[in-house]
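> Sharing a structure below in structure tokens format, with a few things to ask.
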């Protein structure tokens, strides 16, 4: 795909490209399928794939008829696999409107083991389905069909009336009818006696626990673990994690096989190997099983009077098409089980009431098929529905973790973008533009590429694998002719983009990104073909062994894939193009003739300081409000520093513990908690100090004085790291909830062996919201507090499936925010039913009113007198209004700080860009014929620019204030430092009519010194600026310097420098001096400047004094520098 519209947004551009690719790929899929059907045994797979690989998304399909026929066959096929039978029923009358040809034999066959009573039921069109099953089974079916989300009750155990054989009935709705798959329960299988998903979840409990315990940061480890667990759970010969790439081709990302099987790990396959229609079905049906690819399919007979064709897309029995069966046979895979891995496409968390009605359609748009977990077997294999259901849930848990890993990868991408922005600035601070190709880092470090070229002033500067000069000029001519109005072009295939000389470039140059800087100057990045990036991790052929390229086989697919992509490179990512376009804009600015040499650093300083002071005032107002809320909050809040010492203790925690604020401050947190909780608190504290925020941690804290007799306080705490502007962790804040009363209720529940209703249904406001299920997942408890916060009464929810009907993502009473929340709820309920200890998770749902309820969910098992688990109890812990307000203010503070940091970062970047233009112009002027005075002015300008660059790097003022800044050691003279410092206040002093007089000896001014000249220059400029601002109009300011030396060896001297800046007038205000010496926490703009300057002086082993005399005042600045001994005889 190519693009010549860089102005288009990355997200919308990516979506439109993907949509076009799906449409084009569906046409290709249909063409391949039609070729296979027409050719039969003479079908040449490799040549067909190579031919379709040239189809572009921009080419109109040759015929819609082929595509329409293909999609109709996929969706409306009338064949099923023979491991079960199928009935379609009229939803109102329960009469059969379609049945598979094997249904009469399977469901009405007489068994000799069951006595025959009366007439045998006949199964056909119009038969009432209730007549062919036992009365309890018929009643169970009829009850299930009355539910809106009937699929939540699958599987339903039924028994045939004639044979007594058990079957699992798997029901789903389609337009106008009910489709029921009947799968026989095998003799060796213990049938599930209850319907619903909760029973199936137990089968995958071990695998889910292992996935949940994995550390984040490695999608490869996650896939390897998933493959291993599915391999053990299902018993298939081969299990693979199959990942889809951006261009829809697939890769075997992880694999587990039985000994003796050829590995497919690392193989890549064309997108056509898994058609788009099949991918759409994988989005709807999360698990797909083929028991035997050699089995004869069974026809479905439909009532001729039906006005529509039934669709079997949702049926587990749906037969695969012949092309796929041939593929399976060629790779010696007789049976397969495939689980889809569906992840988020974008943000799916909408909390508005208006979003409730169309949430289902929105969520479908916001999902994408990341990949598949594929199981193959060399012999026929049948997996019972309960185990398939467990695999489906396991795949959902896996998808949640994949989604988290993708989010983590996106964060890394964002960091890469920040890195590239730094690289851009670094490139342009040097000789522009040649520095970006001649030095390191260079443009090849900006994005991943194999080569780059700068065309500048008709000269070509090449790096890496690039076209020849002649070929490059041909590309430029082609761009000028066919992309005249474009400022750039990005493509993963110059051949597909229409460049006529693409094949002559060879394998080394396939993809290209180019930007036009000026009408005659351009930048290019080049990439080799994709096959160069592919490394197959599977076994190699034996010598002399050859593949039949015509057959559909993994090796043939891999070979076909390499053939298809031999003229295509890896696609250009959106963030890479953003970086390229950023460089384009910066280079344009640098190339322009800049005559704005009068742009002063004062204006830049002013803009930066405006940002700082505005940000501080806003932050101070918000912070004051936040402190007030924290102190008066009705929830316990405490904070500690990096050493674990308490530095925050609000009134509520003081009231609960009996420990006053003044006695708590300064004590270590571990000394305040119960010994049994010390380990938990220490682990939580260590994690939070490392930036890993903990949630819902429960521990007990000691009580003191008047409260000591009441026993320890139980708290559930969220720990969040406190950070400075540099994102360094400087402490931990704990927002807690007192659950002592809740814990008492919980303990009482666990002690009671019989009736819970007296407590659960008690309207006492101290009783928290409670709901519960029986052991099969039906809602059995819903107390008044739960009815109040949800808006749903007890009668609305009792005897409904808790997962799906009460809490779900679509049509449930209490709608959850997303699929991840639904999966997490299923996990904790499953853990409780299987006997795990109580568990707490963050939880939220939309009440009937549309309001979103946020809380902590505590889940505990319910046991009978003999210790058997009979259900689950769930308690909700709600945040108080004060806590919600405190959290809101905290978020507001963070957003404000982030907004100011972004503005500051933007200004810094723009300043750097402007400075690069100024420096470039200055260097051009240095090459002209200048007088000595003009050269001196340019040198002073350069010193001021270097000082500004140094200040722009000072993002961590705490580092300077704490004395951790590294000073440079360069050779300089005092003359150049003083001239540059004084030049920075000349406009200010001239405006006030102030005369600056200096008493500086020539010998001192020419002394060679060693130290950080730019920091010394910064210090002197700051003190001069403050002195000028405090001098009355028409006054006088004097600058003097003295120097003494101490010998340190033969060639080095320690130089003691003292500067005196004397100014007339009343002097610097006392408040400002207090800020300079760090005695005032409310620091102004000038105070910050003086404080930083004094800290810099301290780093130079010096200090600052301020003397007041009659009519004048003096700054005395002393520093220590190194000097060189002059050789004797000089």
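Numbering (UniProt numbering), first residue to last: 1 to 1130. We treat Cβ as the ideally placed atom computed from N, Cα and C, and that holds for glycine. Just so it is clear, the structure is predicted and the values come from calculations on it, not from any experiment.
In the DSSP assignment, find the unbroken alpha helix (DSSP H) run with residue 826 in it and report its ends.
Here the alpha helix (DSSP H) through residue 826 covers 819–833.
> Roughly how many whole angstroms lie between the Cα atoms of residue 496 and residue 575?
Distance between the alpha carbons of residue 496 and residue 575: 23 Å.
> Between the alpha carbons of residue 844 and residue 444, how many angstroms are there, rounded?
Looking at the two C-alpha atoms, the distance is approximately 47 Å.
> Could you spell out the range, first to last residue, of the alpha helix (DSSP H) harbouring residue 143?
Looking at the DSSP string, the run of the alpha helix (DSSP H) that includes residue 143 is 135–145.
> Identify every residue that forms a DSSP beta bridge with residue 1047.
1053, per the DSSP bridge assignment.
> Helix, strand or coil, according to DSSP, for residue 841 in the structure here?
It is a strand residue.
> With DSSP collapsed to three states, give me the class of residue 168.
Of the three classes helix, strand and coil, the one that applies to residue 168 here is strand, per DSSP.
> Taking DSSP as the reference, what is the three-state secondary structure of residue 1118?
Here residue 1118 sits in strand by DSSP.
> Helix, strand or coil for residue 324, going by three-state DSSP, please let me know.
Correct three-state label for residue 324: helix.
> Mind reading off the beta-carbon distance from residue 201 to residue 818? Whole number of angstroms is fine, and I expect it under 8 Å.
About 19 Å separates the two Cβ atoms, so there is no contact after all.
> What three-state label does DSSP hand residue 1070 in the structure shown?
In this structure, residue 1070 counts as helix in the three-state DSSP scheme.
> Could you compute how far the alpha carbon of residue 953 sits from the alpha carbon of residue 1119?
Between residue 953 and residue 1119, the C-alpha separation is close to 23 Å.
> Write down every uninterrupted run of the alpha helix (DSSP H) in the UniProt domain "PAS" (622–692) whose length is 4 residues or greater and which is fully enclosed by it, in chain order.
List check, alpha helix (DSSP H) in window: 651–657, 661–664 and 678–689.
> Answer with buried or exposed for residue 1093, where buried requires no fewer than 16 other C-beta atoms within 10 angstroms of its C-beta.
By the 10 Å Cβ count, residue 1093 comes out buried.
> In the DSSP output, which residue or residues are listed as bridge partners for residue 335?
DSSP lists 377 as partners of residue 335.
> With DSSP collapsed to three states, give me the class of residue 792.
Coil.
> Do the CB positions of residue 467 and residue 413 come within less than 7 Å of each other?
No, they are not a contact pair.
> Reducing DSSP to helix, strand and coil, say where residue 1110 ends up.
Correct three-state label for residue 1110: coil.
> Compare the C-alpha of residue 1181 against each of 175, 1099, 400 and 269 and name the closest.
Limits of the chain in this structure are 1 at one end and 1130 at the other, which puts residue 1181 out of reach.
> Tell me which same chain residues have a C-beta within less than 7 Å of the C-beta of residue 975, skipping the five on either side of it?
Cβ neighbours of residue 975 beyond the five flanking positions: 1005 and 1006.
> Rounded to whole angstroms, what is the Cα-Cα separation between residue 118 and residue 779?
Here residue 118 scores only 49 on pLDDT, less than 50, and its place in the model is too uncertain to base an answer on.
> So, for residue 295: in the same chain, excluding its five sequence neighbours on each side, which residues have a beta-carbon less than 6 Å away from its beta-carbon?
Taken in chain order, the residues that qualify are 82.
> Against chain B, does residue 1025 count as a neighbour if the rule is that its beta carbon must be under 7 Å from one of theirs?
Checking the listed chains, one finds no chain B in this structure; it contains a single protein chain.
> What's the call for residue 308, buried or exposed, on a 16-neighbour Cβ count within 10 Å?
With fewer than 16 Cβ atoms within 10 Å of its Cβ, residue 308 is classed as exposed.
> Going by C-alpha to C-alpha distance, which of 242, 127 and 87 sits closest to residue 169?
Of 242, 127 and 87, the residue nearest in Cα terms is 87.
> Is residue 696 helix, strand or coil by DSSP?
Correct three-state label for residue 696: strand.
> Are the beta-carbon atoms belonging to residue 161 and residue 127 less than 7 Å from one another?
Contact: no.
> What are the boundary residues of the beta strand (DSSP E) that residue 854 is part of?
Run containing residue 854: 852–863, per the beta strand (DSSP E) assignment.
> For a test of the three-state rule: what should DSSP assign to residue 478, helix, strand or coil?
It is helical.
> Looking at residue 1046 and residue 1054, is the spacing between their C-beta atoms short of 7 Å?
Yes; because the gap between Cβ atoms is below 7 Å, this pair is in contact.
> Do residue 506 and residue 569 have their C-beta atoms within less than 7 Å of each other?
Going by C-beta atoms, residue 506 is not nearer than 7 Å to residue 569.
> Determine contact between the stretch 1025–1041 and the stretch 988–998, defined as no fewer than three beta-carbon pairs at a distance below 8 Å.
Yes: the two stretches touch, three or more of their Cβ pairs being nearer than 8 Å.
> What's the C-alpha gap between residue 755 and residue 863?
Because the pLDDT of residue 755 is 45, which lies under 50, any placement of that residue in the model is unreliable, and the question is left without a value.
> According to DSSP, is residue 389 part of a helix, a strand, or is it coil?
Looking at residue 389 - three-state DSSP - the assignment turns out to be helix.
> Is residue 734 helix, strand or coil by DSSP?
The answer is strand: DSSP assigns residue 734 an E or B state.
> Apply the 10 Å Cβ neighbour rule to residue 820 and answer buried if 16 or more other Cβ atoms are within range, or exposed otherwise.
It is buried - the Cβ of residue 820 has at least 16 other Cβ atoms within 10 Å.
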